[in-house]
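Residue numbers (our numbering): 468 to 982. In what follows, a structure is listed as structure tokens, so that the remarks can point back to it.
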Ligand SMILES: [Fe+2]
Ligand SMILES: [Fe+2]
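This is how it looks when you write it as structure tokens:
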């Protein structure tokens, strides 16, 4: 059994021979050297596990050889046993200083040499094994730490991605306007990936044959507004079938699919993603490359798909909301036409009041939600007249006190009609209070000044303006100038800021006598 390599260095060939032969018999592999310089060369290529080294050597003495060995064997894995005829303590000390592990005095017994070699090599092998294990462990720990850091980085990124997705879903669920949904959607894509440009093509109805440009960022609308994608062929059909984020430069594309993909690619888009509702393609989002020119990673493409799914839900919700609003409005129109059928003199009144009130709300600068409430309130303001007898509404002469009382009940009756209709409840206040006066002498609640909501004050101005400028059973219509004059003088009734806005609308031609 080979136990290791031993280099024997001595200028006396007899000594070398005795030792090497004994070692070989014991199973060691040996190499011999007779001077210091040669010993170092053999140390380098033979790579001994132990060196037996004479002190007195030609060219380089044993101490210097030992020093050199130590500088090459930094782990002190290779034991050096020095041999010398001179056993004075100083010489021994010098040997230990230069890195020798042991000292044998000449003449020596071969048995002693073999016992020391055995002992040192078994210790050295133990140390070597320990260090190897140590290095292995250190390597594993380092790898573990690197893995941990990498996993941590990936997790952190995932958390951020999930956060962005969560925020987006929250935003999109809150929004009811498709334009706003689209805006947030684009900003998310641009903010998350640094992509530019971004564009959305969508179908306005589920039976539309074509997807048309709905909006974008980082590209001029005019470039894409004439471009449309048929849903039954080409890129749209391909992307609906695959339902994945598609690289527009993919060499799998051919024919019409490739032609359409190339067109978008030439405009700076690199990927597209389908928006699908119940296996119906409702839109396609085109996304440009990253501003930092890096490619999208697999994870990023997955995130783009998730963002598009959220946006699809948001856009669908907004579309359904708009559809619902349409349904509400047509319900209101039916209700209004019922009143106007009863009251021939007020035909067109509701529509005009609605138009004036909407223009006033816009001129005042109300937000979209408030404008919507004003619009509903104006359309419904006289709904309570459904409860007023037709003969009173259409009576050409003066009304009796009792008849006036019935007419004056219409705001309250109207508010009662709509108060249980969830989608109209915000308009309830405008219906109930459109006959209130700033001085508190109006009806039904006698509210004063700011107690009357802005919406109700707007409807009051619009309502009176139309009443004055329309034919009534008991008089002919007044001109706009006369109407404004009346509204201006009745400071106890009307909010003069709103009257002023009405003047402005007339002066700028947004309300004209011919309309
Ligand atoms: Fe009224
Ligand atoms: Fe009215």
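Glycine included, each C-beta is placed from N, C-alpha and C at the ideal position.
Shown here, residue 502 sits in coil according to DSSP, grouped into three states, outside any helix or strand.
Between residue 781 and residue 648, the C-beta gap is smaller than 8 Å, which places the two residues in contact. Secondary structure within the stretch 639 to 676: the alpha helix (DSSP H) runs of 4 or more consecutive residues, fully enclosed, are 645 to 660 (chain order). Fewer than three Cβ pairs drawn from the stretch 863 to 875 and the stretch 816 to 825 lie within less than 8 Å of each other, which leaves the two stretches out of contact. Given a length threshold of 3 residues, each whole run of the beta strand (DSSP E) inside the stretch 738 to 778 is given here in chain order: 747 to 755.
Rounded to whole angstroms, the separation of the alpha carbons of residue 845 and residue 642 is 24 Å. In summary, residue 670 is buried, with 16 or more beta-carbon neighbours lying within 10 Å of its beta-carbon over all protein chains present. Beta-bridge pairing by DSSP links residue 569 to 548. The C-beta of residue 516 has 16 or more other C-beta atoms within 10 Å across all chains shown, which makes the residue buried. The shortest CA-to-CA distance from residue 909 to any of 945, 872, 944, 885 is the one to 872. Where residue 518 is concerned, the enclosing beta strand (DSSP E) starts and stops at 517 to 521. In this structure, residue 530 and residue 562 form a Cβ contact; the two beta carbons are roughly 7 Å apart against a cut-off of 8 Å.
Counting only the Cα atoms, residue 730 lies some 10 Å from residue 724. In this structure, residue 650 has its CB at a distance of at least 7 Å from all heavy atoms of ligand 2.
The DSSP-derived three-state label of residue 855 is coil.
The three-state secondary structure of residue 798, taken from DSSP, is helix. If you draw a straight line from the Cα of residue 766 to the Cα of residue 786, it is about 30 Å long. Taking 7 Å as the cut-off, one finds no heavy atom of ligand 2 near enough to the beta carbon of residue 874.
Taking residue 771 as reference, the option from 784, 783, 756 with the minimal CA-CA separation is 756.
About 6 Å separates the CB atoms of residue 959 and residue 905; that is less than 8 Å, so the two are in contact. Annotated as proximal: residue 476 and residue 532, with beta-carbon spacing under 8 Å. Residue 480 counts as exposed, since fewer than 16 other beta carbons sit within 10 angstroms of its beta carbon. Here residue 495 carries a coil assignment [DSSP, helix/strand/coil].
Cβ atoms of residue 877 and residue 855 come within 8 Å of each other, at about 6 Å.
Around the CB of residue 858, fewer than 16 other CB atoms lie within 10 Å, so the residue is classed as exposed.
A distance criterion of 7 Å places the beta-carbon of residue 820 in contact range of ligand 2, judged by its closest non-hydrogen atom.
Bridge partners of residue 680 according to DSSP: 668. Residue 476: member of the beta strand (DSSP E) spanning 472 to 476, first to last residue. Every residue whose Cβ sits closer than 5 Å to any heavy atom of ligand 2 is listed here in chain order: 849, 930.
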